[in-house]
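The sequence shown maps to residues 1 to 531 in full-length UniProt numbering. To keep things clear, I will list the structure first and then write my remarks on it.
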Amino acid sequence: TERRQFTLAGPAQPVVRPAGGNPAAVSGIPGLNGAVAGSSRLSGLFSLDPPGQAAQFATPPLDAQTIAAGSSTVRLQISADPSTAAPQQEAVLFAKLYDVNSEGVRTLPANSVAPFRVSGLPADGSPVEVTVTLPGIVRPLEAGHTLRLVVATTDQAFATPVEPAVFRIGLADGGRLGVPVVPGNSVGAGAPTAQLLGIAGTLLAGIAITVIAAFRRRRAHDVDESLAKTPLVIEGLRKAYAGGFVAVKDLSFRVEPGQVLGLLGPNGAGKTTTLRMLMGLITPTAGTIRVFGHLIAPGAPVLSRIGSFVEGSGFLPHLSGKENLELYWASTGRPRDKAHFAEALEIAGLGDAVNRRVRTYSQGMRQRLAIAQAMLGLPELMVLDEPTNGLDPPQIHQMREVLQRYAATGRTVVVSSHLLAEVEQTCTHVVVMHRGMLVASGEVGELAASSGEATFRVDKPAEAAEALRKVGGVSGVDVDGELVHADLDGLARAEAVAVLVRAGVAVEQAGPRRRLEDAFLQLVGEDSKGE
C-alpha cells in the first residue's frame with residue numbers, strides 16, 4: 001500500500017459536550033451494523049451527529065476511484081474554551097471518517113469510531129496538537145465522492161464524562177489526511193472464461209448428483225410384490241474389494257417367516273460382510289438383497305423393519321440400560337409408543353438390571369441389552385452378528401432362550417456364528433458358508449443327519465461294537481452307555497441292524513447320528529479348523 005494525502009477543509013469549530021453526555025451521537029446499532037453495511041442509505045439511517053456536538057471537515061470530490069486499505073491519520077488542534085466557568089483540562093473525543101456520495105448520502109465504513117483522549121489542555125485556550133489514527137477500513141472510494149471527518153464529543157456506544165464542557169477543534173498541518181490506498185490497474189472486460197468454466201462444472205456436478213440421487217431413490221423403491229411376505233431373499237450376491245479380494249461369491253438363499261436361520265461358517269467365511277450388505281452399510285458388487293420384496297440399498301425405507309446388532313452396540317456407560325434404549329429409539333425419529341420397550345425388555349429378560357448404569361453390566365448383560373435394542377419396535381426381521389461372543393455357558397443358554405422366545409412371536413431371526421453347537425441348539429435352519437461361497441443350506445436336522453453316522457440303542461453295547469467293527473468299511477465305532485455310534489460309510493442301516501441281530505444283540509432303536517459338527521467339517525473340509 002501507499003499513503004495518499006488528501007486535503008481537508010473547514011474552520012476551527014466549537015463543540016459542546018452536554019451534561020450527562022446526553023443526547024449522544026449514534027454511529028451504529030449493535031447487531032445490525034453488519035446487515036446494513038452494504039447499503040449506503042440504510043447505513044446513513046443508523047448514524048447521527050447532534051448539531052453543535054461535532055466538528056466536521058471535508059475533502060474536495062475525488063477525481064478517480066481509490067481503494068482505501070488501512071487506517072487513515074490526521075493532525076488536529078484541540079483547545080478548551082476559556083470563557084466557560086471551569087475550563088476542562090481533558091477532552092474525550094470520537095473521530096470517524098465518512099464516505100459521502102454526490103447526493104450527500106454518507107456511509108460510515110463498518111460503523112467504526114476511534115475514541116481518543118487529550119490531556120493537559122491549557123486553561124487560557126491555547127491549542128494542543130494531536131495525531132489521530134482513524135479505524136482501519138477496506139473500501140473502494142468512487143470518483144466524485146468526498147471524505148468527511150467528524151470529531152464528536154459523545155457516542156452512544158461509549159461511556160463519556162458527564163460534566164458539561166466546550167472545546168474548540170481545528171485542523172493542523174494544513175489539514176492533510178493520510179489515507180493508505182492500494183494501487184490498481186484497469187482490466188479489459190473480456191469474457192471470464194475460467195469463471196464460466198467453473199460455473200459450468202458446478203452445474204454439471206449438480207446434475208450428476210441429482211441423477212445419482214434419483215437412481216438411488218428409484219432403487220430404494222424397487223419392490224417385488226411376489227416376495228412381500230418373505231423376510232429375506234438373497235440372489236447372486238458378490239462383494240469384491242480393491243486388490244482382487246472377494247469376500248462373498250455368488251451367494252443365494254432365502255429365509256421364510258418364523259425361521260431362526262443360522263449363518264454358519266469359519267472365521268473369514270464372509271458372514272459379517274453379508275450382514276453388513278443386508279443392513280445397507282456397504283454396497284454389493286453384484287447381486288440383490290430383498291427384504292419383504294424391497295431391494296436393499298443405503299437408506300432404503302424397508303430398513304426400518306429390521307432390528308440389528310452388528311459389530312458392537314456403542315452403549316454409553318454412564319447411562320442406565322433403559323436410558324440407552326430410550327436415547328437410541330429417540331435417535332430414530334419414530335414415535336415412542338411404537339418402541340414396545342416393555343415387550344423388548346421382557347423378552348430379553350433384563351429384569352431390574354435395566355435401571356443400572358451400563359458400566360456395571362457383565363458381558364452377558366451387555367449382549368442381552370444389545371438384543372433388546374435390536375428388538376425395539378418388534379421388527380419383523382432381526383439380524384444378529386455373533387451374539388454369543390464372550391459369553392459363558394449359562395449366559396449362552398439364556399441368550400438362546402431369548403432368541404427362541406422372540407421367534408415364537410412369529411418373527412424371523414438371522415444369526416451368524418462359528419459355534420456349531422449353538423447353531424444346532426438355537427436355529428431351525430442353517431446356511432453354511434466357506435470362503436465367501438454357499439456350501440449348503442436347509443434344516444439343521446437334515447444337515448446334521450447328512451454325515452453318514454448312525455446310532456443304535458442296544459442291550460449289549462460291547463458285543464454290538466465288536467460286531468460292527470468286523471464289518472468292512474465301518475469305522476468310528478464308539479460306545480456311549482446304551483448307545484453305539486458308528487460311521488457306516490454307505491452301508492445301509494438295515495444291513496447293520498441285521499449284523500447286530502445275527503450277533504445276538506437286541507436292537508431297540510436305530511437312526512442317524514445328528515451331529516452338526518461332523519456335517520460341517522464334511523462340508524467345508526478339515527482345513528477350516530485352523531481358520
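Ideal Cβ placement from N, Cα and C applies to all residues, glycine included.
- Distance from the CA atom of VAL402 to the CA atom of ALA421, rounded to whole angstroms, is 17 Å.
- For LEU147 against LEU97, the beta-carbon gap comes to about 6 Å, under 8 Å, which counts as contact.
- SER475 sits exposed, since fewer than 16 C-beta atoms from the chains shown fall within 10 Å of its C-beta.
- If you ignore the 5 residues before and after ARG238, its C-beta comes within less than 8 Å of the C-beta of VAL246, VAL248, LYS249, ASP250, LEU251, PRO284, THR285, ALA286 and GLY287, all in its own chain and listed in chain order.
- Between ARG305 and PRO379, the gap from beta carbon to beta carbon is short of 8 Å.
- With respect to the C-alpha of ILE78, the residue from SER71, GLY120, ALA68 and GLY52 having the closest C-alpha is GLY120.
- Per the coordinates, the alpha-carbon of ARG176 lies some 8 Å from the alpha-carbon of ARG75.
- The beta carbon of LEU369 is closer than 6 Å to those of GLY321 in its chain, skipping five residues each way along the sequence.
- A contact is defined here as three or more CB-CB pairs under 8 Å, and the stretch 392–409 meets this definition with respect to the stretch 342–356.
- Along the length of the stretch 317–366, whole beta strand (DSSP E) runs at least 3 residues long do not occur.
- When rounded, the separation of the alpha-carbon atoms in ALA462 and ALA492 is 21 Å.
- For GLN395, the enclosing alpha helix (DSSP H) covers residues 393–407.
- The Cβ atoms of GLU256 and THR274 do not sit closer than 8 Å to each other.
- The shortest CA-to-CA distance from GLU424 to any of ALA496, PRO60 and LEU263 is the one to LEU263.
- In the DSSP secondary-structure assignment, VAL150 is bridged to GLN56 and LYS96.
- The shortest CA-to-CA distance from LEU319 to any of GLY20, GLY174 and ARG356 is the one to ARG356.
- Secondary structure note for GLU225: it is in no beta strand (DSSP E), with a DSSP letter that is neither H nor E.
- C-alpha of HIS434 to C-alpha of GLY265: approximately 6 Å in a straight line.
- Cβ-Cβ separation between PHE456 and LEU500: approximately 7 Å, consistent with a contact (criterion under 8 Å).
- A straight-line Cα-Cα distance of about 22 Å links GLY170 and ARG106.
- Shown here for GLN509: same chain residues with a beta carbon closer than 6 Å to its own, the five before and five after excluded, namely ARG457 in chain order.
- Relative to the Cα of GLU2, the nearest Cα in the group LEU384, SER71, ASN111 and GLY125 belongs to SER71.
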